[in-house]
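For the record, in the sequence shown the residue sitting at position 216 is 209 according to the working numbering, with numbers rising by one throughout.
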Amino acid sequence: MKSNLFLLFSFFAFLLQSCGGSNADLWPNATGKAGEMLLIVDDNKWKSPVGDSLRETFAADVFGLPQDEPMFDIINIPGKAFSSLFETHRNIVRVRISPQNEENFVKMKRNVWSRPQIYFEISAKNDSAFYSMFSKYKSSIVDSLLLADRENYIQGFKKFKAAETKRLLRQKGIELDIPSGFTIKDNKKEFVWITHETTVLTQGLFVFFVDYTDTAQFQRNMLIHQIDSVLKMNVPGPVDNSYMQIESQIESEYTKYLTNNNFTVELRGLWNTEGYAMGGSYVAIAVPEVQRNRITILFGFVFAPKLSKRNYQRQLEALMSTIRFVSVPVN
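Right under this line is the structure:
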């Protein structure tokens, strides 16, 4: 997700008339899976360069996954097929290209037929006008859809909280909306291992703290070095002398942004196991706590050799985005 995602979403909400009807509270619950979008484009455009540009954007490979997975799972239907059956989908993008259109525009609305729902309409008089607008707004549209999915995850987390895990983290000065199903695997003074495991899936979250000495610690290579040092010490592999580390052969993506008004550096890419054939995807954020002279680092990873990993990784990203700093209770 782009570093200015939150600002872009706020801009769209203000500029493009984010709205729902006065009876929005009565709308049915949205349908559709996480990461799925309904793309309404007539066949003549879907099978043309217009369709190519839409697929290149919405079905682009997600960075940092061990196999190719699209940004969104696209359900394409022509405009004439759009009926009440599809109206409740949570993510809808409609493209109308016709010389009969009175103007060229991009509009976003929320909770039009269901909730939570995000709906984009792209109207253009011709292909040229469509390309001009789409090239300008496509990143913002993608970021808005991703943020909407993230918020859906977060709202789900809040309904079923892991109370004991939340209490333990609060004692260390942070809060996260940890959902039930995640348990503590390891708890040290400066390192906590939280995990959700099934027979085919492991979602792990490491929460750890390093001393804050210099802003240089937030540079890409320095941050990777700090993370690798902690992983080597605390996350052993399945055989002797094996341990988790960030994959060095493929450069991790590095971005900066704000999380709950806190300066944040993000890394995302692949992890592997030194001394053993095992790996997967990860995303990590580092947030300075100047008053405590420490850096809080969250490292979320997925291990699921037989499954798609995109949505599991996005769940962890959503969880990590809820980080808040609190006063440590006095014992």
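Every residue, glycine too, gets a C-beta built ideally from N, C-alpha and C.
Subject >> Inter-stretch contact (C-beta, 8 Å, three-pair minimum) for the stretch 255 to 269 and the stretch 44 to 59 >> reply: Touching, per the Cβ criterion.
**OP:** Measure the alpha-carbon distance for Asn103 versus Pro71 and round it to whole angstroms.
**Re:** The amino acid at residue 103 is misidentified as Asn; the sequence shows Arg. Going by the C-alpha atoms only, they are around 21 Å apart.
Subject >> Enclosing alpha helix (DSSP H) for Trp39 [first to last residue] >> reply: 36 to 39
**OP:** Taking only the alpha-carbon atoms, compute the straight-line gap between Arg303 and Phe296 and give it to the nearest angstrom.
**Re:** Those two C-alpha atoms are separated by around 11 Å.
**OP:** Assign His82 to one of two classes, buried (16 or more other C-beta atoms within 10 Å of its C-beta) or exposed (fewer than that).
**Re:** Classification for His82: buried.
Subject >> Pro229 in three-state terms, based on DSSP >> reply: strand
**OP:** Give me whichever residues DSSP pairs with Asp204 in a beta bridge.
**Re:** Arg287
**OP:** Give, in chain order, every unbroken run of the alpha helix (DSSP H) that is at least 4 residues long and sits entirely within the stretch 223 to 282.
**Re:** Counting only runs that start and end inside the stretch 223 to 282, there is no alpha helix (DSSP H) element of at least 4 residues.
Original post:
Counting along the chain, where does the beta strand (DSSP E) carrying Ser116 start and finish?
Top reply: 111 to 117
**OP:** With DSSP as the reference, please indicate the residues paired to Thr176 in a beta bridge.
**Re:** Thr188
Original post:
Got a sec? Which residues, its chain only, sit under 8 Å from Phe150 by beta carbon, not counting five neighbours each side?
Top reply: Asp170, Ile171, Pro172, Ala311, Leu312, Thr315
Original post:
Using CA coordinates, which residue listed in Asn286, Met101, Gln110, Pro92 is at the minimum distance from Gln210?
Top reply: Asn286
Subject >> C-alpha gap between Leu139 and Glu183, whole angstroms >> reply: Cα to Cα, Leu139 sits roughly 32 Å from Glu183.
Subject >> Spatial distance of Pro63 from Trp106 (CA atoms) >> reply: 26 Å
Original post:
Touching or not, the stretch 29 to 49 and the stretch 74 to 90, by the rule of three or more beta carbon pairs under 8 Å?
Top reply: By the Cβ rule, the stretch 29 to 49 counts as touching the stretch 74 to 90, because three or more pairs are nearer than 8 Å.
Original post:
Smallest Cα separation from Arg143: which of Val321, Gln306, Phe318, Val319?
Top reply: Gln306
Subject >> Cross-strand partners of Gly197 (DSSP beta bridge) >> reply: Thr188, Phe294
Original post:
Going along the chain, which residues of its own chain have a beta-carbon closer than 6 Å to the beta-carbon of Ala74, five neighbours each way excluded?
Top reply: Once the five neighbours on either side are set aside, Ala74 has no close Cβ partner at all.
**OP:** Check the C-beta distance from Met126 over to Asn145 and give it rounded, since I have them as a contact under 8 Å.
**Re:** Actually they do not touch by this definition, with Cβ atoms about 27 Å apart.
Original post:
Which partner residues does Ile167 have in the DSSP bridge list?
Top reply: Phe318
Original post:
What residue does the alpha helix (DSSP H) around Glu95 start on, and which one ends it?
Top reply: Counting along the chain, Glu95 sits inside no alpha helix (DSSP H), nor does DSSP assign it H or E at all.
Original post:
Can you name the start and end residues of the beta strand (DSSP E) that Glu29 belongs to?
Top reply: Unbroken beta strand (DSSP E) run through Glu29: 29 to 33.
Original post:
According to the neighbour-count rule (16 or more other Cβ atoms, all chains shown, within 10 Å of its Cβ), is Phe113 buried or exposed?
Top reply: buried
Original post:
Straight-line CA distance for Asn22 to Ala141?
Top reply: Approximately 14 Å between the Cα atoms of the pair.
Subject >> Asn22, enclosing alpha helix (DSSP H) - first and last residue >> reply: Per DSSP, Asn22 belongs to no alpha helix (DSSP H) and is neither H nor E.
Original post:
What's the gap between the Cα of Arg108 and the Cα of Arg317?
Top reply: Looking at the two C-alpha atoms, the distance is approximately 27 Å.
**OP:** Would you identify the three-state DSSP class for Gly14, choosing helix, strand or coil?
**Re:** Because the pLDDT at Gly14 is just 46, under 50, the model does not fix this residue reliably, and the point stays unresolved.
**OP:** Report all residues from its chain with a CB closer than 6 Å to the CB of Ile288; omit the five preceding and five following residues, and keep chain order.
**Re:** Val203, Tyr205, Ala279, Pro281
Subject >> Bounding residues of the alpha helix (DSSP H) (the contiguous stretch that carries Asn327) >> reply: Absent from the structure is residue 327, since the part of the chain shown begins at -6 and ends at 324.
Subject >> Rounded C-alpha distance that separates Ser241 from Gln212 >> reply: 16 Å
Subject >> Within 8 Å, strictly: CB atoms of Leu309 and Val276 >> reply: The answer is yes: Cβ separation under 8 Å.
Original post:
Can you tell me whether DSSP reads Arg160 as helix, strand or coil?
Top reply: helix
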